[in-house]
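**Student:**
There are 2 protein chains.
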Amino acid sequence: MLAKTVPPLLAQAIHPQAQACAACPVRDTALFGVLGQGSIRHIYAGIDSLALAAEARVYARGEPGTAVYTVRAGIVRFQRVTGGGERRIVRLAGRGDLLGPEALLQQPYADEAVACTAVQLCRIPVNLIDRLAQADPGLNQELMRRWQRALEQAGAWAVELSSGVARQRVLKLLAELARLADGSAEIWLPRREDIGAMLGLTVETASRMVSQLRREGVMTSLSRRCAALDTAALAAALRAG
Amino acid sequence: MLAKTVPPLLAQAIHPQAQACAACPVRDTALFGVLGQGSIRHIYAGIDSLALAAEARVYARGEPGTAVYTVRAGIVRFQRVTGGGERRIVRLAGRGDLLGPEALLQQPYADEAVACTAVQLCRIPVNLIDRLAQADPGLNQELMRRWQRALEQAGAWAVELSSGVARQRVLKLLAELARLADGSAEIWLPRREDIGAMLGLTVETASRMVSQLRREGVMTSLSRRCAALDTAALAAALRAG
DNA sequence: CGAGCCGTTGAGGGGATTCAAGCTCAGTGG
DNA sequence: CCACTGAGCTTGAATCCCCTCAACGGCTCG
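Line by line, the protein sequences give chains A and B. Going by numbering that gives the first Met the number 0, the first sequence opens with residue 0, and the numbers climb by one from there. Going by numbering that gives the first Met the number 0, the second sequence opens with residue 0, and the numbers climb by one from there.
1. With a threshold of 8 Å between beta carbons, is R79 (chain A) in contact with chain B?
2. What are the start and end residues of the alpha helix (DSSP H) that includes D193 (chain B)?
3. Out of A:T65, A:Q147, A:G73 and A:E141, state which residue places its alpha-carbon closest to the alpha-carbon of P124 (chain A).
4. Using the rule of at least 16 other Cβ atoms within 10 Å of the residue's Cβ for burial, across every protein chain shown, is T28 (chain B) buried or exposed?
5. So what's R26 (chain A) in DSSP terms, helix, strand or just coil?
6. For M166 (chain B), return the contacting residues in chain A, with the cut-off set at a CB-CB distance below 8 Å.
7. Against chain B, does R87 (chain A) count as a neighbour if the rule is that its beta carbon must be under 8 Å from one of theirs?
8. Would you kindly check if the distance between the Cβ of A112 (chain A) and the Cβ of G99 (chain A) is under 8 Å?
9. Below 8 Å on C-beta distance, what does D312 (chain A) contact in chain B?
10. Can you tell me which of the three DSSP states S246 (chain B) falls into?
11. Give me the residue from A:A227, A:L198 and A:Y68 with the minimum Cα distance to A165 (chain A).
12. In the segment 157-186 of chain A, which residues sit with their C-beta less than 7 Å from some C-beta in chain B, listed in chain order?
13. Assuming contact is defined by CB atoms lying nearer than 8 Å, are A153 (chain B) and V70 (chain B) in contact in what I supplied?
14. What in chain A is Cβ-close to L104 (chain B), meaning under 8 Å?
15. With a cut-off of 8 Å, does the C-beta of E101 (chain B) fall near any C-beta of chain A?
16. If you draw a straight line from the C-alpha of L97 (chain B) to the C-alpha of T219 (chain A), how long is it?
17. Should L91 (chain B) and L170 (chain B) be called a contact, given that it needs their Cβ atoms to be closer than 8 Å?
18. Go ahead and pull the three-state DSSP assignment for T230 (chain A).
19. Is DSSP giving Q105 (chain B) helix, strand or coil here?
20. Under three-state DSSP, which class holds E175 (chain A)?
21. Provide the residue span of the beta strand (DSSP E) that contains C121 (chain B), from first to last.
22. Taking its Cβ as the centre, do 16 or more other Cβ atoms sit within 10 Å of V118 (chain B), making it buried, or is it exposed?
23. Under 8 Å Cβ to Cβ from A184 (chain A), same chain only, skipping five residues before and after it: list those, please.
24. Can you list the residues of chain B that G95 (chain A) reaches, using a CB-CB cut of under 9 Å?
25. I need the DSSP call for D129 (chain B), collapsed to helix, strand or coil.
26. Reducing DSSP to helix, strand and coil, say where T204 (chain A) ends up.
27. Let me know the secondary structure DSSP gives L91 (chain B) once reduced to three states.
28. Hey, out of A:G93, A:D181, A:Y68 and A:Q133, whose CA is closest to S48 (chain A)'s CA?
29. Looking at chain B, which residues of the segment 122-140 of chain A have a Cβ within less than 7 Å of any of its Cβ atoms?
30. Select from the segment 45-58 of chain B all residues with a C-beta closer than 9 Å to any C-beta belonging to chain A, and list them in chain order.
31. Please report the Cβ distance between L173 (chain B) and I186 (chain B), rounded to the nearest whole angstrom; I am assuming they are in contact, meaning their Cβ atoms lie under 8 Å.
32. What do you get for L8 (chain A), buried or exposed, if any count of 16 or more other CB atoms within 10 angstroms of its CB means buried?
33. Suppose contacts are defined by Cβ-Cβ distances below 8 Å. Is A236 (chain A) in contact with L150 (chain B) by that definition?
34. Using only CA atoms, which one of B:L212, B:R79 and B:A19 lies nearest to E159 (chain A)?
35. Return the CA-CA distance between A2 (chain B) and I74 (chain B), expressed in angstroms with no decimal places.
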């Protein structure tokens, strides 16, 4: 498979990290998907692969940004504290998503990014992106596309998950979590407090809704942080309003 | 195509539109603020100045995007319809803001853009931006900055204006409207239905809150769509929680 | 002048919050 | 091994805030 994407003779001359990136399972969906083989070869250093446990912080809001991150596996949340002092989750990032592009503009990180599940990230230094972008203008285009997608998703998140009655919001959140699990019926189930922070509800209300949906058979708890959805029942409940 | 739109002899002189742009009052805050005089001279055609009445639509969601718009004066809202069929306002744009950058990525407009007040816009065709960006790479950087700012504002909007009790949300909205009026105490006061669509409240609740704040002297109606704020009282009310 | 839209206010009901108490479960140390 | 502990989850009861339904007044416009 490596031989298919990279000519064998060149393989010796190519930096190990470049080979790893060329063979990356999320490469086509991630930031470097646009880079040609020529550019991929220039990824010779600076990229770190890191694994974080759930609840580990990737970066803090206001921190000077020196790197962006690509999500290889797991779910990351962007959160912020309101003027009133309460925590709100702005949106989630999943496989292939990019964290912290504001670092490329010499700006501090706009949100706090925290791992929801165990995650695997690629840490890409800002100056590497800068260099690659000079050689391959397609990268800038891809970055803009990602900004636009983030904007679109932020809007959808705000519009869909912060209006309507609590039950409806939780249902929509479950659908979103299924999407993040690539449509699988087994989803990551957030802590009740996090559900509250996503939907603008209290812990108690979040708990009540989850319990109710469990009793109705829309979902089944598999473990503390994992549940199985009955997607048909979920769709029906969403439609029922 | 260049020869068709601009007579050869005039091409060396500065086009009237280029002069207008160079003298634009919002030029330093708007998209073309980064362009040098050299690039500004290339804005010889294609930019239209347009004035829209309140409630006029700039573009619809899903419409193929052929142009971006810069706000010279007035306020524009981005809105969307939820899965449940209700209208929600995602954020507002004011002087110097850019509308519809997704058009630059050959994407349809993500939101519906509607004038809140009478507005003055500059319509900039996508292919003009493309041409300018080739000559002046700083323009791409500036575009990314704008995407990031939009993302930041969308997050702040969602977080601040869709949690807390109704009174608090309306107060925060008033503060935001003051910001859009360049800190002036005279603000544009939205229709009650629009306040509802911004804050996730019903028309009646929005009306009650506005009336209450008027009785408390936080604001005074100057005309149907315009009010004067007592900024000190507003700040105090916000702090009081 | 009637029609219609918008804003306002009231009354009642329902849903979310608040406060409070038990519960499960994993980790800890005796 | 097991009580102990603490964090997270659940559930109940009372309260409160917002929504719903309804009626009315002001204003613009045909």
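We treat Cβ as the ideally placed atom computed from N, Cα and C, and that holds for glycine.
**Tutor:** Put simply:
1. As a first step, residue 79 (chain A) is located in the first sequence; it is residue number 80 there, counting from the start. At least one chain B Cβ lies under 8 Å of R79 (chain A).
2. Residue numbering aside, residue 193 (chain B) sits at position 194 when the second sequence is read from its first letter. Note, D193 (chain B): alpha helix (DSSP H), R191 to L198.
3. Within the first sequence, residue 124 (chain A) is the residue found at index 125, counting from 1. Of the listed residues, the one whose Cα sits closest to P124 (chain A) is A:T65.
4. Counting from 1 along the second sequence, the entry for residue 28 (chain B) is found at position 29. By the neighbour-count rule (16 or more Cβ atoms within 10 Å), T28 (chain B) is not buried but exposed.
5. Here residue 26 (chain A) refers to the residue found at position 27 of the first sequence. Three-state result, R26 (chain A): coil.
6. Numbered from its first residue, the second sequence carries residue 166 (chain B) at position 167. It is worth fixing the name first, because residue 166 (chain B) is Arg in this sequence and not Met. Chain A residues near R166 (chain B): none, gap ~12 Å exceeds 8 Å.
7. One-based indexing of the first sequence puts residue 87 (chain A) at position 88. So, interface residue.
8. Counting from 1 along the first sequence, the entry for residue 99 (chain A) is found at position 100. Counting from 1 along the first sequence, the entry for residue 112 (chain A) is found at position 113. Yes, they are a contact pair.
9. Residue 312 (chain A) lies beyond the range of chain A shown here (0 to 240); nothing can be said about it.
10. Examination of residue 246 (chain B) is not possible in this model, given that chain B is present from 0 through 240 alone.
11. Indexing the first sequence from 1 puts residue 165 (chain A) at position 166. Comparing Cα-Cα distances from A165 (chain A) to each of A:A227, A:L198 and A:Y68, the minimum goes to A:L198.
12. A157, V158, E159, S161, S162 and G163
13. One-based indexing of the second sequence puts residue 153 (chain B) at position 154. One-based indexing of the second sequence puts residue 70 (chain B) at position 71. In this structure, V70 (chain B) does not lie closer than 8 Å to A153 (chain B) by Cβ.
14. Your numbering for residue 104 (chain B) matches position 105 in the second sequence. Under the 8 Å cutoff, chain A gives Q140, M143, R144 and Q147.
15. Within the second sequence, residue 101 (chain B) is the residue found at index 102, counting from 1. Chain A, which has a Cβ nearer than 8 Å to the Cβ of E101 (chain B), makes this yes.
16. For the purposes of this step, residue 97 (chain B) is identified with residue 98 of the second sequence, where counting begins at 1. For the purposes of this step, residue 219 (chain A) is identified with residue 220 of the first sequence, where counting begins at 1. Roughly 46 Å between the two C-alpha positions.
17. As a working mapping, residue 91 (chain B) is identified with position 92 in the second sequence. As a working mapping, residue 170 (chain B) is identified with position 171 in the second sequence. No; because the gap between Cβ atoms is not below 8 Å, this pair is not in contact.
18. As a position in the first sequence, residue 230 (chain A) is number 231, starting the count at 1. T230 (chain A) falls in the helix class under three-state DSSP.
19. Residue numbering aside, residue 105 (chain B) sits at position 106 when the second sequence is read from its first letter. Here Q105 (chain B) sits in coil by DSSP.
20. Here residue 175 (chain A) refers to the residue found at position 176 of the first sequence. It is helical.
21. Locating residue 121 (chain B) in the second sequence gives position 122, where the first residue counts as 1. Residues V118 to P124.
22. Locating residue 118 (chain B) in the second sequence gives position 119, counting from the first residue. Its Cβ being crowded by 16 or more others within 10 Å, V118 (chain B) is buried.
23. The sequence position of residue 184 (chain A) within the first sequence is 185, counting from 1. The answer, listed in chain order, is A177, A227, L228, D229 and T230.
24. Taking the first residue of the first sequence as position 1, residue 95 (chain A) is located at position 96. Per Cβ cutoff of 9 Å: no residues; G95 (chain A) is ~17 Å from chain B at best.
25. Walking along the second sequence from the start, residue 129 (chain B) turns up at place 130. Three-state DSSP puts D129 (chain B) in a helix.
26. For the purposes of this step, residue 204 (chain A) is taken as residue 205 along the first sequence, with counting starting at 1. T204 (chain A): helix per DSSP, three-state reduction.
27. For the purposes of this step, residue 91 (chain B) is taken as residue 92 along the second sequence, with counting starting at 1. L91 (chain B) falls in the strand class under three-state DSSP.
28. If you number the first sequence from 1, residue 48 (chain A) lands on position 49. Looking at the Cα atoms, A:Y68 is the closest of the given residues.
29. N139
30. none
31. The residue labelled residue 173 (chain B) in the question sits at position 174 within the second sequence. The residue labelled residue 186 (chain B) in the question sits at position 187 within the second sequence. Indeed, because the Cβ distance is near 7 Å, the residues count as touching under 8 Å.
32. Here residue 8 (chain A) refers to the residue found at position 9 of the first sequence. Because L8 (chain A) carries a pLDDT of 48, less than 50, the predicted location of this residue cannot be relied on, and no value is offered for it.
33. On the first sequence, residue 236 (chain A) is found 237 positions in, with the first residue counted as 1. On the second sequence, residue 150 (chain B) is found 151 positions in, with the first residue counted as 1. Not in contact: A236 (chain A) and L150 (chain B) (Cβ atoms no closer than 8 Å).
34. Residue numbering aside, residue 159 (chain A) sits at position 160 when the first sequence is read from its first letter. It is B:R79 whose Cα lies nearest to the Cα of E159 (chain A).
35. Sequence index remark: in the second sequence, residue 2 (chain B) carries index 3 (1-based). Sequence index remark: in the second sequence, residue 74 (chain B) carries index 75 (1-based). Low local confidence applies: a pLDDT of 43 at A2 (chain B) is under 50, so the model's placement there is unreliable, with the coordinate-based value given in what follows. Rounded to whole angstroms, A2 (chain B) to I74 (chain B) spans 37 Å at the Cα level.
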